[in-house]
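Using my numbering, the first residue of the sequence shown is number 29, and each one after it goes up by one. Positions of the beta carbon are idealized from the N, C-alpha and C atoms, including for glycine.
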Amino acid sequence: RAGRGLYCSLACRGGNNKISHGHTIGGGYSPTYTTWINMVRRCTDPGHDKFVRYGAIGITVAAEWMDFSAFLRDMGERPVGTTIDRIHGSRGYEPGNCRWADLKTQQRNIKSNVFIEHNGQRKCVSEWAESSGMDSTLLAWRIRQGWSAERALTTPVAKRRPRKSPAPLPA
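This is the structure:
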């Protein structure tokens, strides 16, 4: 009715205007509800600007999560500083595959990351760099050069020798 399309709530369909999802704040939607609307739209609406990266490649929303109340029951309120993250990026938005995550966690869970397995642990380059105290650029360079994970992570970083100052120009 308000011109917002199909994504108010399935409960709002059917003309029962007394049913409300309870997630409006001062005339706007709560962060949790906004996340849900955007998740559904990018997977189902070809007109959404991110549809090509989600719905068009087969990322779906579980049938039960097409109802906001079921999504809220499974995920809970969205904590401040987080957004929804799919644990396994090739799977859709479904119970057991989604979590509320901060930006750092999400950046470590993208397809383009390079992962290294070492001592039975699998982490992306930035995680290994952080835990070893090494610069991530150096670690990534070592891996690109074909170093083994063991060698890349355990070879000490060479200390740079200070540059000699150039000889003064003759007067």
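Residues near residue i in its chain [Cβ-Cβ closer than 7 Å; skip 5 each side]
i: residue 144; result: 151, 153, 156, 171 and 177
i: residue 67; result: 89, 112 and 121
i: residue 78; result: 70
Between the CA atoms of residue j and residue i - distance to the nearest angstrom
i: residue 129; j: residue 106; result: 9 Å
i: residue 41; j: residue 182; result: Caution applies to residue 41, whose pLDDT of 45 falls short of 50 and renders its modelled position unreliable; the value that the coordinates give is listed next. Each residue's alpha carbon lies about 60 Å from the other.
i: residue 118; j: residue 142; result: 16 Å
i: residue 190; j: residue 125; result: 50 Å
i: residue 64; j: residue 86; result: 18 Å
i: residue 99; j: residue 51; result: 13 Å
i: residue 188; j: residue 166; result: 14 Å
i: residue 197; j: residue 185; result: 35 Å
i: residue 92; j: residue 169; result: 45 Å
Cut-off 6 Å between Cβ atoms - residues of its own chain near residue i, not counting five sequence neighbours on either side
i: residue 45; result: Residue confidence for residue 45 is low, a pLDDT of 44 falling below 50, so the modelled location carries little weight and cannot support an answer.
i: residue 30; result: The predicted model places residue 30 with a pLDDT of 49, which falls under 50 and marks its position as unreliable, so this point remains unresolved.
i: residue 82; result: 70 and 71
Residue j beta carbon less than 9 Å from that of residue i
i: residue 60; j: residue 103; result: yes
i: residue 115; j: residue 101; result: no
- beta strand (DSSP E) runs wholly inside the segment 98-183, at least 3 long, in chain order: 111-114, 126-129, 143-146 and 149-152
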